[in-house]
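Q:
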Amino acid sequence: MKAYTGLTTAQAQEKLSRFGFNEISQLNKVSPLEILLRQISGNFVIFLLVIGAFTSFLVDEALTAYTIVAVIIMVTVVGFIQEFKAEKAIKALKKMVMPTTIVIRDGREQEIPAQELVPDDIVKLRTGEKIPADCQILEAANLTINEAMLTGESKEITKIPCRPGHKLKKLNQVFMGTTIMSGTGLASVLHTGMNTEFGKIAKLISTAEKELPLQKRVNQIAKKMALIALIVSSIVGFLMIVRAESLSYHTIVETLIVVIALSVSAFPEGFPMVLISTLGKGAYRMAAQNAIVNRMSIIETLGEVTVICSDKTGTITTGKMTVKQILIAGKSYEITDSILYKSKKIKLANHPQLYQLLQAALLCNEAVATKQENETIPTINGSPTESALLALGLKANLQKESFDFEKSADIPFSSARKLMTVIGKQDKQYQVFSKGAPEVVLKNCNFILKDGKTKRLSQKQKEVLIAQDKTLAQTGMRVLALATKTLPKLSLSQAEKSQTFLGFIALIDPPRKYVHKTIASCHKAGIAVKMITGDSPETAQRIAHQVGIKGEVLTGADLEQLSDTELEAMIAQTAIFSRVKPEHKIRIVAALKKQGEIVAMTGDGVNDAPAIKEAHVGIAMGKTGTDVSREAADLIIKDDNFSTIVKAIREGRTIFNNIQKFITYQLSCNSSELMIMFLAVVIGLPTPFLPLQILFMNLVTDNLPAITLGFNPASLDVMESKVKKHTGLLNRQLVKQLIIAATTMGGLTLLVFIFSLKIFDQGLVVARTTAMVTLIFFQILNAFNFRSFRYPMNHIPFLTNITLIYASAISVLLTIILIYSPLGQVFGTTQIELANWVFALFSSIFVVIVMDVYKKSQQIKILEAINKLGIKS
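Following our numbering, the numbering of the sequence shown begins with 838 at its first residue and continues without gaps.
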């Protein structure tokens, strides 16, 4: 194989400045102006306010009209700021999953962001990756590409290098955005960015975001509430006209303004934007914990997950393989910082069979060791298993370059084959080296190397070797078998037949720190954990028990013998799946879904993509995952850590709970305002609030605390309760709390108004001001109530949600400014006595008392139910 040095760093920088970044210009980009216009066009609240302002001008209420215009500006600006921040957060998230690629620069392999590729860069092509730019093939080994992205035809096309002197054809090129289905290769970049074939047709591709399912459900609730608001407001308006002493043009217009203000106040216009803000902030919090959301719609489903199907290697375990033991023809070698035999450091020259095994381990290997001038220890790049084999070679002072071997061909490893083979010229003949799962390698072996001689391998000897493999696997080690063969001429069909067995290499991959606790927390939260691995059942079971996964073991071979119905019947009891192929994962997911489970499935290979798509939550690995698996996934785990998956589920539950809190709170506040106005008019009282007072409460003391509830931190017990599948945004319990809170706030505010107006005879303006202050206090305290649906207020630390405290303080401050400044005349308020403030505050405390009593009564009911079932709490 030819040695390539690639571009120098200076050449790459010069080309980058000349050709620009290797990226497709962003399509459907939303400009700030478009975001601003979106706040106005199609906004029902703005439409109502414009009518209110216009009618105020008609009756010479210029001050009211100008105030409504100011409200329109405030609504627009607040909406713009929230949406602009959400857009920025989403863009930042997308930057976190920028693809990388391996290039040869300055004579060595380097991993760089794909957007920094330039023409003439030499790129390494690997199975499962996306082609990062249009390139010419330099070298190829069984390289097949899926070009459906460009051609629409989902078939694999074999790619080969262009022969010297021949015209470059499509079969000698690979194109940006297409997928490497199998094989490996090297390619030279021809075109980047918008100059690629993909770039030329990019304008035809729409990247518009679809409406989220959760967004759809929130919008449906908003529409229902809006309809109720319009009906109740219209009834209030009708009764006001009927009760009016005289029906004049001025009376009709004033009534219309009241109806508009009440409709605006009760209309939950903030729902969609707070939803997007909450999801965006939540997704950003996930990103800070190494979980990148690929699709926002998945956040809701994350909180409902009942089963996690997780790969073992690198997710439950560290993924850092270390060779611990070598078995060769009855001899056992221990691996520490060096290679030991009978506890003594060996001289490799005295162990020729070990030398042959190490040669196989190093040459049948795609990992690469590179060493810079200032480095004493080489840097190894490759899969954990193959990197461990190179590290083993270094302990014996061996590298790939130590052997006279010219690679001619290879048969790549795949999860289906569980075997890799390389063929090359050595001593004027072709030497074959294979490594893979012991049962697969031994099946291909008819001979064994023993005492320096090749001997026939009997079936009885194979059984002894298989028993040795199982003994090693039962200690939790991954076992590889290695074999060799000599060929007179190159023949792929004969390479893996009648081979000579060399020995076993046993590697250890310890469980991640704290993964046992994380899995225990999953069980407490009602989430089953199922481990899926390509390792032997013995290795899988040992690791599973170490981390607290208990249940039956099912192998891929056993799974193939089961019908779908049989698999569904035993899927709940099965916790460990070993020797699994990617196609088995799809059946596992389907069986779990049939049982009503919400399934999260992890994967990293190109063949894992179908199972990832089939799961409710598809999870790809950020470090070891292929481009194909990452593209198919809903969630990307940057650190490949199982604990990060559970953190994402915790965050998903928190976000969903916060959306429920925000919606329930705001609907309770809106309902209380409707109730006050409706009852007052029905019993013949003057309207407790003027239009501008209603708008003030809606903007300042209703929306502000509501927004902060969307940012509530996770409750301590968020992972201690079993998930309730498909509970919906508003279940029966939440509707009960909503009604209790709304009735308490509405009823007592109306009583305060009646007391001030009739009992204390303080006049209409004072009564309205006192009622407004009372409802503002009610709504602020109610927001603190809704920090938890389960626990009374005194059970939750006051500083749990600091943004809510700030929002509440701002609401109170703005209320004081309104009442004690010239603005009071505009809004129809007046300065009130300290006694009125105390009366308002004292009355508002009742919403805390009532809600706490309700929550405690619900806890008592739950405890009684548990005692009846005989369950210890």
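Quick reminder that beta carbons are idealized off the backbone N, C-alpha and C, glycines included. Small disclaimer: the values here were computed from a predicted structure and weren't measured.
Using a Cβ distance threshold of 8 angstroms, determine whether the region 1332-1339 contacts the region 1187-1204, with at least three qualifying pairs required.
A: Flag = yes, the region 1332-1339 and the region 1187-1204 touch.
Q: On a CA-only basis, which of 984, 1363 and 1406 is nearest residue 1035? Give me that one, please.
A: Along the sequence shown, one-based indexing puts residue 1035 at 198. Selected option, being the one with the closest Cα: 984.
Q: My output table needs one value for residue 1147: the three-state DSSP class, helix, strand or coil.
A: In the sequence shown, the residue the question calls residue 1147 occupies position 310. Strand.
Q: By a C-beta neighbour count over all protein chains shown, 10 Å radius and 16 as the cutoff for buried, is residue 845 buried or exposed?
A: Start at 1 with the first residue of the sequence shown, and residue 845 comes out as number 8. So residue 845 ends up on the exposed side.
Q: Quick check on residue 874: buried or exposed, where buried means 16 or more other Cβ atoms within 10 Å of its Cβ?
A: Locating residue 874 in the sequence shown gives position 37, where the first residue counts as 1. Looking at its Cβ environment, which holds fewer than 16 other Cβ atoms inside 10 Å, residue 874 is exposed.
Q: How should residue 1657 be labelled, buried or exposed, when 16 other C-beta atoms within 10 angstroms of its C-beta is the threshold for buried?
A: Taking the sequence shown and counting its residues from 1, the one referred to as residue 1657 is at position 820. Burial call: exposed.
Q: Kindly provide the ranges of any alpha helix (DSSP H) runs that are 4 or more residues long and lie completely inside the region 1480-1556, ordered along the chain.
A: You should have 1528-1533 and 1540-1546.
Q: How long is the line joining the alpha carbons of residue 1695 and residue 1408, rounded to whole angstroms?
A: By 1-based counting over the sequence shown, the position of residue 1695 is 858. By 1-based counting over the sequence shown, the position of residue 1408 is 571. For residue 1695 and residue 1408, the distance between alpha carbons rounds to 35 angstroms.
Q: I'd like the list of long-range same chain contacts for residue 1454, defined as Cβ closer than 8 angstroms, with 5 residues on each side in sequence excluded.
A: The residue given as residue 1454 occupies position 617 in the sequence shown. Excluding residues within five positions, the ones whose Cβ falls inside 8 angstroms are 1135, 1138, 1139, 1142, 1435, 1436, 1437, 1438, 1471 and 1472.
Q: Please classify residue 1490: is it buried, with 16 or more other beta-carbons within 10 angstroms of its beta-carbon, or exposed?
A: Sequence index remark: in the sequence shown, residue 1490 carries index 653 (1-based). With 16 or more other Cβ atoms within 10 Å, it is buried.
Q: Can you list, in chain order, the residues of its chain with a C-beta nearer than 8 angstroms to that of residue 1010? Leave out the 5 residues immediately preceding and following it.
A: For the purposes of this step, residue 1010 is identified with residue 173 of the sequence shown, where counting begins at 1. So the list reads 971, 972, 973, 974, 996 and 1027, once near-sequence residues are dropped.
Q: Between which two residues does the beta strand (DSSP E) carrying residue 1247 extend?
A: As a position in the sequence shown, residue 1247 is number 410, starting the count at 1. First-last of the beta strand (DSSP E) with residue 1247: 1243-1248.
Q: So, is residue 1043 buried or exposed, given that buried needs 16 or more other C-beta atoms within 10 angstroms?
A: Against the sequence shown, residue 1043 aligns to sequence position 206. Because residue 1043 sits at a pLDDT of 41, beneath the cut-off of 50, its placement in the model cannot be relied upon, and the point is left open.
Q: Which residues in the same chain have their Cβ closer than 6 angstroms to the Cβ of residue 1509, if we skip the five residues on either side of it in sequence?
A: Residue mapping note: residue 1509 aligns to position 672 of the sequence shown, counting from 1. For residue 1509, where only same-chain residues beyond five positions count, the Cβ hits under 6 angstroms are 1579, 1582 and 1583.
Q: How is the alpha helix (DSSP H) around residue 1464 delimited, first residue to last?
A: Looking up residue 1464 in the sequence shown gives position 627. Where residue 1464 is concerned, the enclosing alpha helix (DSSP H) stretches over 1464-1469.
Q: How is the beta strand (DSSP E) around residue 1282 delimited, first residue to last?
A: On the sequence shown, residue 1282 is found 445 positions in, with the first residue counted as 1. Start and end: 1282-1287.
Q: Return the CA-CA distance between residue 1282 and residue 1369, expressed in angstroms with no decimal places.
A: In the sequence shown, counting from the first residue as 1, residue 1282 sits at position 445. In the sequence shown, counting from the first residue as 1, residue 1369 sits at position 532. Roughly 28 angstroms between the two C-alpha positions.
Q: What span of residues does the alpha helix (DSSP H) with residue 1028 cover, start to end?
A: Counting from 1 along the sequence shown, the entry for residue 1028 is found at position 191. From DSSP, residue 1028 is part of no alpha helix (DSSP H) but of the beta strand (DSSP E) over 1016-1028.
Q: Between residue 1390 and residue 1346, what straight-line distance do the alpha-carbon atoms span, to the nearest angstrom?
A: Start at 1 with the first residue of the sequence shown, and residue 1390 comes out as number 553. Start at 1 with the first residue of the sequence shown, and residue 1346 comes out as number 509. About 20 angstroms.
Q: Use the C-beta contact count for residue 1671: other C-beta atoms within 10 angstroms, 16 or more gives buried, fewer gives exposed.
A: Working through the sequence shown from its first residue, we reach residue 1671 at position 834. Its Cβ having fewer than 16 others within 10 Å, residue 1671 is exposed.
Q: Is residue 971 helix, strand or coil when you go by DSSP?
A: Indexing the sequence shown from 1 puts residue 971 at position 134. Strand.
Q: Beta-carbon separation of residue 1608 and residue 1586 under 8 angstroms?
A: Counting from 1 along the sequence shown, the entry for residue 1608 is found at position 771. Counting from 1 along the sequence shown, the entry for residue 1586 is found at position 749. Yes. Within cutoff.
Q: Going by beta carbon distance, what residues of the same chain come within less than 7 angstroms of residue 904, once the five residues before and after it are set aside?
A: Here the question's residue 904 lines up with position 67 in the sequence shown. Contacts found: 1529 and 1663.
Q: Kindly identify the DSSP beta-bridge partner or partners of residue 1170.
A: Taking the first residue of the sequence shown as position 1, residue 1170 is located at position 333. The partner list for residue 1170 (beta bridge, DSSP) reads 1163 and 1178.
Q: Can you tell me where the beta strand (DSSP E) holding residue 1267 begins and where it ends?
A: In the sequence shown, residue 1267 corresponds to position 430, counting from 1. Its beta strand (DSSP E) spans residues 1266-1273.
Q: Which of the three DSSP states, helix, strand or coil, is assigned to residue 1142?
A: Locating residue 1142 in the sequence shown gives position 305, where the first residue counts as 1. Residue 1142: coil per DSSP, three-state reduction.
Q: Nearest by alpha-carbon distance to residue 955: which of 907, 1031 and 1004 is it?
A: Taking the first residue of the sequence shown as position 1, residue 955 is located at position 118. Among 907, 1031 and 1004, the Cα nearest to that of residue 955 is on 1031.
Q: Tell me, to the nearest whole angstrom, how far the beta carbon of residue 1548 is from that of residue 1640; I am working on the premise that it is less than 8 angstroms.
A: Translated into positions along the sequence shown, residue 1548 becomes position 711. Translated into positions along the sequence shown, residue 1640 becomes position 803. So it is a contact: roughly 6 angstroms between Cβ atoms.
Q: What's the C-alpha gap between residue 1072 and residue 1515?
A: Within the sequence shown, residue 1072 is the residue found at index 235, counting from 1. Within the sequence shown, residue 1515 is the residue found at index 678, counting from 1. Answer to the nearest angstrom: the Cα atoms are 8 angstroms apart.
Q: Give the C-beta separation of residue 1613 and residue 1648 to the nearest angstrom, bearing in mind that I take them to be a contact with Cβ-Cβ under 8 angstroms.
A: Here residue 1613 refers to the residue found at position 776 of the sequence shown. Here residue 1648 refers to the residue found at position 811 of the sequence shown. With 8 angstroms as the limit, residue 1613 and residue 1648 qualify as a contact, their Cβ atoms being about 7 angstroms apart.
Q: According to DSSP, is residue 942 helix, strand or coil?
A: Residue 942 sits at position 105 when you count from the first residue of the sequence shown. It is a strand residue.
Q: Give the secondary structure of residue 1122 by DSSP, where H, G and I count as helix, E and B as strand, and everything else as coil.
A: Residue numbering aside, residue 1122 sits at position 285 when the sequence shown is read from its first letter. The answer is helix: DSSP assigns residue 1122 an H, G or I state.
Q: In this structure, what does DSSP give as the bridge partners for residue 1455?
A: Here the question's residue 1455 lines up with position 618 in the sequence shown. Per DSSP, 1438.
Q: Tell me the DSSP secondary structure of residue 1409 in three-state form.
A: As a position in the sequence shown, residue 1409 is number 572, starting the count at 1. Reduced to three states, the DSSP call for residue 1409 is coil.
Q: With DSSP as the reference, label residue 976 as helix, strand or coil.
A: Taking the sequence shown and counting its residues from 1, the one referred to as residue 976 is at position 139. DSSP places residue 976 in strand when its eight states are reduced to three.
Q: Have a look at 1468, 1323 and 1427 and flag the residue whose alpha-carbon is nearest the alpha-carbon of residue 1130.
A: Residue 1130 sits at position 293 when you count from the first residue of the sequence shown. The candidate whose alpha carbon is nearest that of residue 1130 is 1468.
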